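There are 2 protein chains.
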Amino acid sequence: MVKDINTEQRIYEAARRVFLKKGLIGARMQEIADEAGINKALLHYYFRKKEKLFEGIFNEVIERLSTGLQKILEIEMSVLDKLKEFVDIYVDVLLENRYLPLFVLNEMNHHPDKFGEFLKDRIAVHLKKFIIQIQKEMDNGSIRAGNPIHLLLHVLGLIIFPFAVYPVMKKVAGEELISEPYTFLKERKHEVFLFIKNALKP
Amino acid sequence: MVKDINTEQRIYEAARRVFLKKGLIGARMQEIADEAGINKALLHYYFRKKEKLFEGIFNEVIERLSTGLQKILEIEMSVLDKLKEFVDIYVDVLLENRYLPLFVLNEMNHHPDKFGEFLKDRIAVHLKKFIIQIQKEMDNGSIRAGNPIHLLLHVLGLIIFPFAVYPVMKKVAGEELISEPYTFLKERKHEVFLFIKNALKP
DNA sequence: GTCTATAACTCGATAGAC
DNA sequence: GTCTATCGAGTTATAGAC
Numbered sequence: 000m001v002k003d004i005n006t007e008q009r010i011y012e013a014a015r016r017v018f019l020k021k022g023l024i025g026a027r028m029q030e031i032a033d034e035a036g037i038n039k040a041l042l043h044y045y046f047r048k049k050e051k052l053f054e055g056i057f058n059e060v061i062e063r064l065s066t067g068l069q070k071i072l073e074i075e076m077s078v079l080d081k082l083k084e085f086v087d088i089y090v091d092v093l094l095e096n097r098y099l100p101l102f103v104l105n106e107m108n109h110h111p112d113k114f115g116e117f118l119k120d121r122i123a124v125h126l127k128k129f130i131i132q133i134q135k136e137m138d139n140g141s142i143r144a145g146n147p148i149h150l151l152l153h154v155l156g157l158i159i160f161p162f163a164v165y166p167v168m169k170k171v172a173g174e175e176l177i178s179e180p181y182t183f184l185k186e187r188k189h190e191v192f193l194f195i196k197n198a199l200k201p
Numbered sequence: 000m001v002k003d004i005n006t007e008q009r010i011y012e013a014a015r016r017v018f019l020k021k022g023l024i025g026a027r028m029q030e031i032a033d034e035a036g037i038n039k040a041l042l043h044y045y046f047r048k049k050e051k052l053f054e055g056i057f058n059e060v061i062e063r064l065s066t067g068l069q070k071i072l073e074i075e076m077s078v079l080d081k082l083k084e085f086v087d088i089y090v091d092v093l094l095e096n097r098y099l100p101l102f103v104l105n106e107m108n109h110h111p112d113k114f115g116e117f118l119k120d121r122i123a124v125h126l127k128k129f130i131i132q133i134q135k136e137m138d139n140g141s142i143r144a145g146n147p148i149h150l151l152l153h154v155l156g157l158i159i160f161p162f163a164v165y166p167v168m169k170k171v172a173g174e175e176l177i178s179e180p181y182t183f184l185k186e187r188k189h190e191v192f193l194f195i196k197n198a199l200k201p
């Protein structure tokens with residue numbers, strides 16, 4: 000319990016930790032209160048409802064994820080360079096918060112409409128431009144031809160999936176096979192990009 | 000409400016549908032009862048507790064998934080052929096049950112120890128053999144060198160991830176970009192394997 | 001075996017003292 | 001602002017009639 004940051008901030012940060020681990024339904028107000036070192040009543044004093052507290056956190060998370068994406072898509076670079084940037088940045092983001100993938104995926108599935116609209120407003124335009132760029136580079140032969148949307152899904156899957164299975168990964172593979180988890184996951188920056196680069200070699 | 004299968008079976012199947020969609024916490028006994036066409040009390044008559052009902056279903060799901068994997072790993076084939084088989088079969092499995100990925104991923108994250116042990120007992124041996132086979136083929140140059148474990152994660156991510164984002168996928172990409180979802184996801188059999196094959200070209 | 005009714009419990013939310 | 005105490009809705013689980 001730190002005293003030099005105010006209570007609201009402390010609650011918010013506690014809530015983010017708990018919500019990210021447990022999701023909206025799984026999280027308990029009691030647990031958030033404990034984590035923040037205060038009691039339940041105070042949660043409601045600062046944030047009227049559980050949903051309200053959650054929404055703020057969720058929006059902030061999504062906002063951060065999508066502005067990162069936007070920035071990369073806006074820069075003038077080849078498809079391959081953009082993908083490299085993309086892999087680098089998001090592996091780092093997920094390394095710092097390994098609960099993010101499942102948190103977002105679950106929310107997406109609980110409110111597909113709301114979430115779909117958000118993404119549509121926020122990144123669909125950039126995404127379409129990028130798809131056109133991919134198509135162009137495929138046409139002029141600088142990368143191997145294929146369906147650009149499938150390519151985007153490939154890339155997302157390669158980046159995100161390992162973090163979603165991170166907790167069991169080590170156990171299944173056994174100590175001899177996997178180096179220290181942080182190191183191993185960081186290796187993916189290199190491994191994933193190499194995999195993509197080779198797959199796209201014309 | 001069908002009469003020629005017994006009640007226990009009907010409850011079990013209803014429970015599977017509900018649990019897969021909603022997860023253990025999200026599922027409601029009332030909803031399972033409604034889905035089965037009986038009332039709540041009867042659920043407890045057949046399966047003493049919610050957890051008990053859930054556990055049976057979860058174990059069956061995992062069992063089915065891991066025996067499928069085992070079979071492929073046991074057959075004498077090249078790495079690339081095994082991966083092709085692998086992609087084909089699991090895309091079909093997930094097409095038939097699009098809730099499976101998130102269901103399993105969430106449970107894995109809620110009980111990583113239990114789940115880790117299960118997988119360790121069940122498939123770790125086969126997996127290690129496969130990893131050795133991959134290493135061999137990399138060494139003799141029939142596929143491009145790299146870390147076999149990363150390769151396995153690549154493949155899993157490519158197969159599983161798109162099904163986890165399926166609900167929003169269409170909305171984000173827009174109708175013009177994605178064909179009918181079933182068709183689009185089925186295309187992944189071909190797209191994913193091609194991607195892997197190219198990436199592994201020596 | 002199947003039902004209705006209700007007990008027992010969990011948890012978000014509020015009242016009210018300090 | 002922060003706390004204790006408690007309410008009330010929603011859910012799992014059980015009792016008991018048929």
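Here the protein sequences line up with chains P and S, keeping their order. So for the first sequence, numbering that gives the first Met the number 0 puts the first residue at 0; every next one is plus one. So for the second sequence, numbering that gives the first Met the number 0 puts the first residue at 0; every next one is plus one. Here a beta-carbon is modelled for each residue, glycine too, at the ideal position from N, C-alpha and C. Keep in mind the model is a prediction, meaning the values are calculated, not measured.
Original post:
For Tyr98/P, does the three-state DSSP call read helix, strand or coil?
Top reply: On the first sequence, residue 98/P is found 99 positions in, with the first residue counted as 1. Coil at Tyr98/P, not helix or strand.
Please work out which residues of its chain come closer than 6 Å, Cβ to Cβ, to Phe209/P, disregarding the five sequence neighbours upstream and downstream, and give them in chain order. With chain P covering only 0 through 201, there is no way to say anything about residue 209/P.
Report task. Consult DSSP for Val92/P and reduce its assignment to one of helix, strand or coil. Result -> Taking the first sequence and counting its residues from 1, one reaches residue 92/P at position 93. Residue state, collapsed to three classes: helix.
**Message:** Check whether chain P comes within 8 Å of Ile177/S, counting only Cβ atoms and requiring the distance to be less than that.
**Reply:** Along the second sequence, one-based indexing puts residue 177/S at 178. For Ile177/S, the answer is yes, since a Cβ of chain P falls inside 8 Å of its Cβ.
Alpha carbons only, please: which of Ser141/S, Lys188/S, Arg121/S, Ile148/S is nearest the one belonging to Phe129/S? By 1-based counting over the second sequence, the position of residue 129/S is 130. Nearest of Ser141/S, Lys188/S, Arg121/S, Ile148/S to Phe129/S, Cα basis: Ile148/S.
Requested in this report: Quick one: list the residues of chain P neighbouring Met107/S, beta-carbon separation under 7 Å, in chain order.
Outcome: Residue numbering aside, residue 107/S sits at position 108 when the second sequence is read from its first letter. Residues of chain P passing the Cβ test: Val164, Pro166, Val167.
- Item | Residues within the segment 139-156 of chain S neighbouring chain P, beta-carbon criterion of under 7 Å | Arg143, Gly145, Asn146, Ile148, His149, Leu152, His153, Leu155, Gly156
Contact check, Lys170/S vs Gly115/P, beta carbons under 8 Å: Along the second sequence, read from residue 1 onward, the residue named residue 170/S stands at position 171. Along the first sequence, read from residue 1 onward, the residue named residue 115/P stands at position 116. Closer than 8 Å, so yes.
Report task. With distances taken Cα to Cα, identify the nearest neighbour of Leu151/S among Phe160/P, Leu150/P, Val124/P. Result -> Position 152 of the second sequence holds residue 151/S. Nearest option by C-alpha distance: Phe160/P.
*asked:* Taking CB distances under 8 Å as the criterion, tell me whether Ile131/S reaches chain P.
replied: On the second sequence, position 132 is the one that residue 131/S refers to. No, Ile131/S lies away from the interface with chain P (no Cβ there is under 8 Å from its Cβ).
TODO: Buried or exposed for Pro201/S, please, with buried defined as at least 16 other CB atoms from any protein chain shown within 10 angstroms of its CB.
DONE: Position 202 of the second sequence, counted from the start, is the residue given in the question as residue 201/S. That one is exposed.
Check: From what residue to what residue does the alpha helix (DSSP H) around Lys48/P run?
Finding: Along the first sequence, one-based indexing puts residue 48/P at 49. Per DSSP, Lys48/P belongs to no alpha helix (DSSP H) and is neither H nor E.
Buried or exposed for Gly36/S, going by 16 or more other Cβ atoms inside 10 Å? As a working mapping, residue 36/S is identified with position 37 in the second sequence. By the neighbour-count rule (16 or more Cβ atoms within 10 Å), Gly36/S is not buried but exposed.
Exposure of Val17/P, with buried meaning 16 or more beta-carbon neighbours within 10 Å: Within the first sequence, numbered from 1, the residue matching residue 17/P stands at position 18. In the assembly as shown, Val17/P is a buried residue. Its beta-carbon has 16 or more other beta-carbons within 10 Å.
Inset, instruction - Please list, in chain order, all residues of the same chain as Pro180/S whose beta carbon is under 8 Å from its beta carbon, the five residues on each side excluded. - result: Taking the second sequence and counting its residues from 1, the one referred to as residue 180/S is at position 181. Spatial neighbours of Pro180/S in its own chain (CB-CB distance under 8 Å, excluding positions within 5 residues in sequence) are listed in chain order as Tyr165, Met168, Lys169.
Check: Cβ of Val171/P less than 8 Å from any chain S Cβ?
Finding: Your numbering for residue 171/P matches position 172 in the first sequence. Judged by the 8 Å Cβ criterion, Val171/P is in contact with chain S.
Proximity test, Cβ basis, 8 Å: Asp96/P and chain S | By one-based count along the first sequence, residue 96/P stands at place 97. Note that residue 96/P corresponds to Asn in the displayed sequence, not to Asp. It does not: the Cβ of Asn96/P has no partner Cβ on chain S nearer than 8 Å.
- Pull out every residue of the segment 24-56 of chain S whose Cβ sits closer than 8 Å to any Cβ of chain P, in chain order. Ile24, Gly25
**Prompt:** Taking the alpha-carbon positions, what's the Glu62/P to Tyr11/S distance?
**Reply:** By 1-based counting over the first sequence, the position of residue 62/P is 63. By 1-based counting over the second sequence, the position of residue 11/S is 12. Roughly 41 Å separates the two Cα atoms.
Query raised in the report: What's the gap between the Cα of Ile131/S and the Cα of Ile56/S?
Result: Start at 1 with the first residue of the second sequence, and residue 131/S comes out as number 132. Start at 1 with the first residue of the second sequence, and residue 56/S comes out as number 57. Rounded to whole angstroms, Ile131/S to Ile56/S spans 33 Å at the Cα level.
(request) Quick one: grab the DSSP three-state call for Val60/P. (result) As a working note, residue 60/P is residue 61 in the first sequence. Three-state DSSP puts Val60/P in a helix.
Taking the runs of the beta strand (DSSP E) that are 3 residues or longer, which of them lie wholly in the segment 100-132 of chain S? none
Count the other CB atoms within 10 Å of the CB of Ala13/P; is the residue buried (16 or more) or exposed (fewer)? Position 14 of the first sequence, counted from the start, is the residue given in the question as residue 13/P. Burial call: buried.
Q) Three-state secondary structure (DSSP) at Arg143/P? A) Here residue 143/P refers to the residue found at position 144 when the first sequence is read from its first residue. Three-state result, Arg143/P: coil.
Check: In terms of residue numbering, what span does the alpha helix (DSSP H) encompassing Lys196/P cover?
Finding: Within the first sequence, residue 196/P is the residue found at index 197, counting from 1. Residues 180-199.
Requested in this report: State the start and end residues of the unbroken alpha helix (DSSP H) segment that holds Ile37/P.
Outcome: Residue 37/P sits at position 38 when you count from the first residue of the first sequence. Taken as a continuous stretch (DSSP letters only), Ile37/P belongs to no alpha helix (DSSP H), as it is neither H nor E.
Which residues in chain S sit within 7 Å of Glu7/P, going by Cβ to Cβ distance? Within the first sequence, residue 7/P is the residue found at index 8, counting from 1. Near Glu7/P there are no residues of chain S at all, since even the closest Cβ is about 28 Å away, more than 7 Å.
Buried or exposed: Lys2/P, going by 16 or more other Cβ atoms within 10 Å of its Cβ?
The residue you call residue 2/P lines up with position 3 of the first sequence. Low per-residue confidence applies at Lys2/P: pLDDT is 46, beneath 50, and the placement is therefore not dependable, though the value from the model is reported in the following sentence. By the 10 Å Cβ count, Lys2/P comes out exposed.
How big is the Cα-Cα spacing for Leu94/S and Leu184/S?
Numbered from 1 along the second sequence, position 95 holds the residue referred to as residue 94/S. Numbered from 1 along the second sequence, position 185 holds the residue referred to as residue 184/S. Whole-angstrom Cα-Cα distance: 7 Å.
message = Between the alpha carbons of Glu190/P and Asp120/P, how many angstroms are there, rounded?
response = Numbered from 1 along the first sequence, position 191 holds the residue referred to as residue 190/P. Numbered from 1 along the first sequence, position 121 holds the residue referred to as residue 120/P. The C-alpha of Glu190/P lies about 33 Å from the C-alpha of Asp120/P.
- Query: Is it right to say Lys81/S is buried, meaning 16 or more other beta carbons lie within 10 angstroms of its own, or is it exposed?
  - Reply: Numbered from 1 along the second sequence, position 82 holds the residue referred to as residue 81/S. Lys81/S is buried by the Cβ-count criterion.
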